[in-house]
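Chains as they are written, first to last, in our numbering: chain D, 102 to 803; chain Z, 102 to 803.
We treat Cβ as the ideally placed atom computed from N, Cα and C, and that holds for glycine.
Quick caveat, the model's predicted, so the values are computed rather than measured.
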């Protein structure tokens, strides 16, 4: 645990700069909230005009405090913040928490940078500016201007919206989702999502990390922090729509990034993405209270056929389709229900089921080794008391002698169900008001287990690459003043990264073309190489299926004529002479440099799949072959790679290797490559490899 | 309003057959609930062993009651129900409500049919059996064994799950969704979804119809009822997953049908499909309280940037993407917020916004003609009182002088927000605990408006069809003992329904083939015609691009040899001689007879689109060209029809006409055609039409 970050977030002594005796002022509220929360450290109000605030001696400056100060909470107007920071540094304050707004979020970037620079000079860390503050139940610390601590629990929240954080604190009580720590992250001038995720990952009390994100500043650092975290992380990413991203940007001053790339990054490092605010609460509840689910066998037990069917539908929708329970489980369960009940799965103990039915059914099922997780459903009836049912369920789980399997509950009904729900949650059982939510929560615990199995190791790097060679080729193009490579150059860069490009060489003369064609072997393809002619086919500057020397001569003549017809003053480097690869399944591999996450690789099938269906998937580079195989299986048209319509399966292993190599190419050369694609790549049948037929690299602006 | 149905559902006098003095018995509960609910009609308990129940004189039989009985509620065991029904008929009871279970839902189909038959003989209608009963707030009638009436409101529920209905009654109080009527539909032995939808459509109090459906019995009747209903209908269809459908079937004894076809039918008749139970409640609230939204201009007003962004994302997700407000709206709104607020849309009046900010912002925006609907968001803050904000919002709407536009509200926070939420709902403003739900509710009001514009008229029927001719061809095949048509026959049936099949005739001899080929015009295609060879290509029994008489002779020889090699004893009718249509965009049109909805037409692009991507869409037949165009635009690959990748747009108008004709063919001939497809159809560019190249018709078993 970083001791400085720890000092800012769990200080033993706090100075409140801008403390006030006026109850309307934030400087008053923070002091009052610290006291009300039961904070056990030292409190030093700082205000040159007061002697004492709320029973605590007041100082004119932090420098006047004769004791060690771990953290200073700053509430003075923005224009005074830099001066205060300087004083804090001189005093030896370890870190500062800047509640004050009026910095980068309203365009005052310079002011913010100044403060950060000064803090860094003194080795101080900053949370904020533009925050509500920091809250901790276990630390009995409400170092914020929110009027209360959240409902006690073990989730940890990091919120980029202060207003939402305040509203969420109130909501924790009505929704019964308990949090230990809540951190308002503000403008992330210094401490960012990565730092705070790492902090909560190492925190003893926190069991699950809950994020409200508008924009991450450094995607790579965030990914590393999340990858190293072995607690569940769930994130609500706001600004996923175009208009929403614009609204988010205007709101927090941070880049919203592409929502597709966020989605990819979350998947790569095992972050569950929440669908909406209720979903964030609902799934946080399960992730913070229950263990991960170790297998796919979900058992649903219900007293109502209707909710059983709805839960079954949800199980399929959320990726955990039901299977029938094994015969011995069915036989045993049948003993605890009326004849017209069903023991199959969903197990319907029927509306008449009382305490005994629930107790026996749950106790037996939960203990059975076939069952990996349980969703227990209850529909309020006239003849049962929800609270008693809740007690029976809890007792059954206790008495089962089993632990380590997740269970969720749904109680559909009115006030009595709400009471029972509260009671069960208090006992650590996530309980919801609808069956599908209970199932979704369980599916999340399964998904989180699966992600935890694959996302914690960094990708392994291929060794058969030659970065120097690639940089040399790029330097050559830059030397000629170009910011795009020719196809021949791009293919040479690809080849340096182990990509199987179809042999392609530049011929400067007709004779050279004939020589190269014979070296490569007929049939060949010829194309113009000119920085002025990007759309070569449109210009009539491509000829395929060239079979002999005479064809080469004819092609040279026609391509040259067409090119000059297309653009009379085109600068012409010569012609690409290229092996003609036999046609096969077309895929596209491409890359962009995402503003947040950096080099990102895209994969999809070519032609209509990418152009019409947008059936593509992304990953932040670098990736290894395992991740690349997941990409291939993730596209909607994956079946084509597995061999659809009587075709044999494609060489997915080789394709995975190529995606991994490609990802390292764009990662290593991110300062040079802005965009690229290998389009098309031809994927042959299993064992027959891949050919990269065309290559494009656009360089970064320098 | 059907007077008999009315008598069952809104009786002026009720006999309770099986009434009991034992508070544990359903026969007691129904009488007690009628009294507790304040029922103002006559109550006649029927029980030969009692003198009086709960202050009401008891009779030995309905026949002993000396007054008119509108409805009899039957609670006696299943084996006595038929006898009671007979007595009710003899007494002249108008209709019966059978609470008793133990009929078709447990396989006792005969018992149920007997009861229905007897009731019909007397002209009585039945609701049930296997129901909770019928509840009506406006009728002060709790004719059920559920212990209370639902929260008063204007929605009307029809539920196929009794257990869920009871739980939902309790939930109406905590979720604050008010219902006037709740009808438990049970086994639908007589009155079914269609009857009850029609009843609620004509009911004065009901503003919105809410359905929980496991299986509809007669899809066509349901569709007609929904089409004729001009109130919003929202349905939660349980059993959409395969395992869920199986669970639903075991539970209610009704066929679950294909969820794809349900989806299609709902769309066709303007039924909103709920995603889950909470969604059913949430959207019922909006549909029952607010008018439909007349245009696409949604304005979001918020005090928190975070929830504003989440709402903006939701707007796009639910099909109502935000637009920036016009400059004059922005200029006016700017006056009512701090400098750092945003008037664009979402309108962010900022966290400091108090009563005045909300009041002025809402009043101005709601009245502005640009705004078609509003979502008003509030995040609980330390400095505002949610209830006062709620009052300000309501007063602003009242004072705006505008009506007829929908508005929804979201209050994110704790208990004080819950209070404010309850207050606003009481005033008729649907209010939710998350911004996306408020936006989704508004989007539903927009969607419902759009559906109401297209779904109320029955499809118009084409006139250029010849059903007699089609039936004649089918009869010919049946006469030969076949239950599949040959390609030539199928094409003739298609042609009788105005479908542009490529000219195809049956040649019985080589000479006939030459004659036909010359009549049709070269090039032609030849294929074997044999009931024993269905996979003609596999048998080598298809030859394309036949250019002259000699080619015909050669093809005849080869096809005949290959066919006999494929199946030595194949019965061979001859060969199909067919025009060779120039290749173009391939689509597939097909049909199945759905168990619930009957003949259903399927449409999609051919090849990988249907086989790998399953990119197809369904409609229950018949459809007209408008609906057919919606089908074409609905598939994911629709862009290909509009002209993708430099291709010109396809002839979507002609394709629509073909889909409509096709739908009438399968509709008219539903007793004859079990399955069919036109695969492929080739769609040429705009104005150039469509060619149906291959045809297949499987007949119903007779």
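Contact under 8 angstroms by Cβ, residue i with residue j
i: residue 171 of chain Z; j: residue 115 of chain Z; result: yes
i: residue 127 of chain Z; j: residue 196 of chain Z; result: no
i: residue 442 of chain D; j: residue 264 of chain Z; result: no
i: residue 763 of chain Z; j: residue 562 of chain Z; result: no
i: residue 495 of chain Z; j: residue 525 of chain Z; result: yes
i: residue 476 of chain Z; j: residue 509 of chain Z; result: yes
i: residue 603 of chain D; j: residue 679 of chain D; result: yes
i: residue 307 of chain Z; j: residue 331 of chain Z; result: no
i: residue 640 of chain Z; j: residue 647 of chain Z; result: no
i: residue 535 of chain D; j: residue 387 of chain D; result: no
i: residue 234 of chain Z; j: residue 310 of chain Z; result: no
Beta bridge counterpart(s) of residue i as assigned by DSSP
i: residue 713 of chain Z; result: Answer by DSSP bridge pairing: none, since residue 713 of chain Z is not bridged.
i: residue 199 of chain D; result: D:175
i: residue 400 of chain Z; result: Z:475
i: residue 628 of chain D; result: D:643 and D:677
i: residue 253 of chain Z; result: Z:280
i: residue 699 of chain Z; result: Z:695
Separation of residue j from residue i, as counted between CA atoms
i: residue 427 of chain Z; j: residue 398 of chain Z; result: 11 angstroms
i: residue 698 of chain D; j: residue 314 of chain D; result: 14 angstroms
i: residue 791 of chain D; j: residue 712 of chain D; result: 21 angstroms
i: residue 506 of chain D; j: residue 393 of chain D; result: 7 angstroms
i: residue 296 of chain D; j: residue 326 of chain D; result: 7 angstroms
i: residue 671 of chain D; j: residue 788 of chain D; result: 42 angstroms
i: residue 734 of chain D; j: residue 717 of chain D; result: 11 angstroms
i: residue 184 of chain Z; j: residue 163 of chain Z; result: 11 angstroms
i: residue 79 of chain Z; j: residue 773 of chain Z; result: A query on residue 79 of chain Z cannot be resolved here, the shown segment of chain Z reaching from 102 to 803 and no further.
i: residue 400 of chain Z; j: residue 533 of chain Z; result: 17 angstroms
i: residue 757 of chain Z; j: residue 793 of chain Z; result: 14 angstroms
i: residue 108 of chain D; j: residue 292 of chain D; result: 13 angstroms
i: residue 103 of chain Z; j: residue 769 of chain Z; result: 30 angstroms
i: residue 381 of chain D; j: residue 538 of chain Z; result: 14 angstroms
Which of helix, strand or coil DSSP assigns to residue i
i: residue 355 of chain Z; result: Unreliable positioning characterises residue 355 of chain Z in this predicted model, as indicated by a pLDDT of 39, which lies under 50. The coordinate reading is nonetheless provided below. Coil.
i: residue 694 of chain Z; result: strand
i: residue 333 of chain D; result: coil
i: residue 190 of chain D; result: helix
i: residue 661 of chain D; result: helix
i: residue 289 of chain Z; result: coil
i: residue 445 of chain D; result: coil
With contact counted as at least three CB pairs below 8 angstroms, one residue from each stretch, are the stretch 595-603 of chain Z and the stretch 578-586 of chain Z in contact?
no
So, does the stretch 677-693 of chain D touch the stretch 767-786 of chain D, judging by three or more C-beta pairs under 8 angstroms?
yes
Are the stretch 232-241 of chain D and the stretch 363-375 of chain D touching, with three or more C-beta to C-beta distances below 8 angstroms?
no
I'd like to know if the stretch 740-756 of chain Z and the stretch 713-723 of chain Z are in contact, where contact means that at least 3 CB-CB pairs between them fall below 8 angstroms.
no
Inspect the CB distances between the stretch 117-124 of chain Z and the stretch 205-212 of chain Z and report whether three or more fall short of 8 angstroms.
no
Sufficient close CB pairs (3 or more, under 8 angstroms) joining the stretch 538-553 of chain Z to the stretch 487-503 of chain Z:
no
Three-pair Cβ contact test at 8 angstroms for the stretch 246-255 of chain Z versus the stretch 209-229 of chain Z
no
Pairing CB atoms from the stretch 416-423 of chain Z with CB atoms from the stretch 283-297 of chain Z, are three or more of them under 8 angstroms?
no
Sufficient close CB pairs (3 or more, under 8 angstroms) joining the stretch 399-415 of chain Z to the stretch 556-572 of chain Z:
no
If we count Cβ pairs, one from each stretch, closer than 8 angstroms, do we get three or more for the stretch 154-162 of chain Z versus the stretch 258-275 of chain Z?
no
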